[in-house]
Amino acid sequence: MENLDSERSLYIEAITQEVSKILAKEEKIPLENAEHNFIHSRTYNYLAYSNDPFIEDGPEDFVDLYHNEQKYHRLVSTTQLLVEQENKN
């Protein structure tokens, strides 16, 4: 169990670093600001505190969730949004 917690912590740290780099580049802001913004988002809370210990999403998936959270105020992937749109038609 301790090993799983250690692996999960390393995963969260690695994803946070990669997402922060992507956001800093996209938004043309300092890395520290991007990391601060991400850590204070619902997307980060999902990453860090989800009950699913087997989350295997990559950084791009979390960037997608983060952008949609900022735009739609919902924790939803672009794929989910497209499915919702198709179901409305």
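Numbering (this note's numbering), first residue to last: 12 to 100.
For glycine and all other residues, C-beta sits at the position ideal for the given N, C-alpha and C.
Whole-angstrom C-beta distance between Leu21 and Val74, which should lie under 8 Å: So it is not a contact: roughly 19 Å between Cβ atoms.
Kindly provide the ranges of any alpha helix (DSSP H) runs that are 4 or more residues long and lie completely inside the region 27 to 100, ordered along the chain. 42 to 50, 53 to 60, 70 to 83, 89 to 99
Mind checking whether Asn11 and Thr89 have CB atoms under 8 Å apart? Within the shown structure, residues of the chain are numbered from 12 to 100, placing residue 11 beyond reach of any answer.
Just confirm the distance between the C-beta atoms of Thr54 and Leu93, as a whole number of angstroms; I'd bet it's less than 8 Å. About 19 Å; that fails the 8 Å criterion.
Who are the Cβ neighbours of Ile50 in its own chain at under 8 Å, not counting the five residues just before and after it? Thr27
Please tell me whether Arg53 has its Cβ less than 8 Å away from any Cβ of chain B. In the structure shown, chain B cannot be found, because there is only a single protein chain.
Taking Cβ to Cβ, would you say Val30 is nearer than 8 Å to Tyr77? yes
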